[in-house]
Ligand code: PRP
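Below, the structure is given as structure tokens:
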């Protein structure tokens, strides 16, 4: 910083985190295990249903699942494809749980084996919207993988095939793709934001 100029307010995100909930190491170990299970299921496990034998498609739910998707892909020694979808909750004034599609998949998924990759399932509205939306395209199979299952907040029951961590506490978490007002996605771990969980 040039001499004599006042410094900016700190933009160091670590200083804004009250507590680390899942360390980077814990996340990586969990992602590795999930990768092993998924690889087994879609190879020897016989879960693949695509009549043409095409590889499963992992669908990353943007934006929160970006880091999880990137790490999970690197833990899969099987052939897969990936695609991306972006949804958002409607703002105030609409029915609770209303979800809208912002960016759709690039490729058709009919008769394909599809695995939706989410960072977190909270109320369950988003994932159930996605399940309905993608099911209507008649995939050969459709399963859900989430890094975090925040069970305490469930409003709409969800059938999840692969879960990393079950979060019982009703706390607001950030990091590893998850944001507060668009920030903190770049933390390599998951933590509680100062002032948001008191
Ligand atoms: C988060 C998360 C899930 C959804 C879960 O996305 O990535 O998609 O909320 O919440 P629900 O179970 O209550 O529906 P968010 O809407 O924050 O968008 P983002 O992924 O772009 O951060």
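In our numbering, the protein residues as written are -9 to 188.
Backbone N, C-alpha and C define an ideal beta-carbon position, used for all residues, glycine too.
From a predicted model like this one, the values you see are computed outputs, not experimental measurements.
Query raised in the report: If you draw a straight line from the C-alpha of residue 139 to the C-alpha of residue 148, how long is it?
Result: Taking the chain shown and counting its residues from 1, the one referred to as residue 139 is at position 149. Taking the chain shown and counting its residues from 1, the one referred to as residue 148 is at position 158. Straight-line Cα distance between these residues: approximately 10 Å.
Query raised in the report: Cα-Cα, which of 57, 31, 77, 74 is closest to residue 67?
Result: If you number the chain shown from 1, residue 67 lands on position 77. Of the listed residues, the one whose Cα sits closest to residue 67 is 31.
Query raised in the report: Residues in its own chain within less than 7 Å of residue 90 by CB, not counting five upstream and five downstream?
Result: Taking the chain shown and counting its residues from 1, one reaches residue 90 at position 100. 77, 78, 80, listed in sequence order.
Query raised in the report: Ordered along the chain, which non-local residues of its own chain (more than five positions away) have a Cβ less than 7 Å from that of residue 11?
Result: Reading the chain shown from its first residue, position 21 is the one you call residue 11. 163, 180, 181, 182, listed in sequence order.
Query raised in the report: Does the Cβ-Cβ distance between residue 103 and residue 8 come in under 8 Å?
Result: Along the chain shown, one-based indexing puts residue 103 at 113. Along the chain shown, one-based indexing puts residue 8 at 18. The answer is no: Cβ separation not under 8 Å.
Query raised in the report: Can you name, in chain order, every residue of its own chain whose Cβ lies under 6 Å from the Cβ of residue 175, other than the five neighbours on each side?
Result: For the purposes of this step, residue 175 is taken as the residue at position 185 of the chain shown. Only 167, 169 meet the Cβ criterion.
Requested in this report: Please classify residue 184: is it buried, with 16 or more other beta-carbons within 10 angstroms of its beta-carbon, or exposed?
Outcome: In the chain shown, counting from the first residue as 1, residue 184 sits at position 194. Label assigned to residue 184: exposed.
Query - Span of the beta strand (DSSP E), counted from its first residue to its last, around residue 8 - result: The count along the chain shown starts at 1 and reaches residue 8 at position 18. Note, residue 8: beta strand (DSSP E), 7 to 12.
Query raised in the report: Taking the DSSP output, what are the residues bridged to residue 76?
Result: Residue 76 sits at position 86 when you count from the first residue of the chain shown. DSSP lists 52, 93 as partners of residue 76.
Report task. Starting from the C-beta of residue 6, find all residues in its chain whose C-beta is less than 7 Å away, skip the five residues before and the five after it, and write them out in chain order. Result -> On the chain shown, residue 6 is found 16 positions in, with the first residue counted as 1. Excluding residues within five positions, the ones whose Cβ falls inside 7 Å are 183, 184.
Report task. Note the first and the last residue of the continuous alpha helix (DSSP H) segment covering residue 121. Result -> Reading the chain shown from its first residue, position 131 is the one you call residue 121. Start and end: 115 to 125.
Report task. Give a single yes or no on whether residue 181 has its beta carbon closer than 7 Å to a heavy atom of the ligand PRP. Result -> Counting from one through the chain shown, the residue named residue 181 turns up at place 191. Not so, every heavy atom of the ligand PRP lies at least 7 Å from the Cβ.
Query raised in the report: the ligand PRP heavy atoms versus the CB of residue 109: any closer than 7 Å?
Result: As a first step, residue 109 is located in the chain shown; it is residue number 119 there, counting from the start. Yes, the beta carbon of residue 109 sits closer than 7 Å to at least one heavy atom of the ligand PRP.
Query raised in the report: Which residues mark the beginning and the end of the beta strand (DSSP E) in which residue 131 is found?
Result: Translated into the one-based positions of the chain shown, residue 131 becomes position 141. Run containing residue 131: 131 to 140, per the beta strand (DSSP E) assignment.
**Report entry** Terminal residues of the beta strand (DSSP E) in which residue 162 lies
**Finding:** What you label residue 162 is simply residue 172 of the chain shown in a count that begins at 1. Residue 162 -> no beta strand (DSSP E), and no H or E assigned at all.
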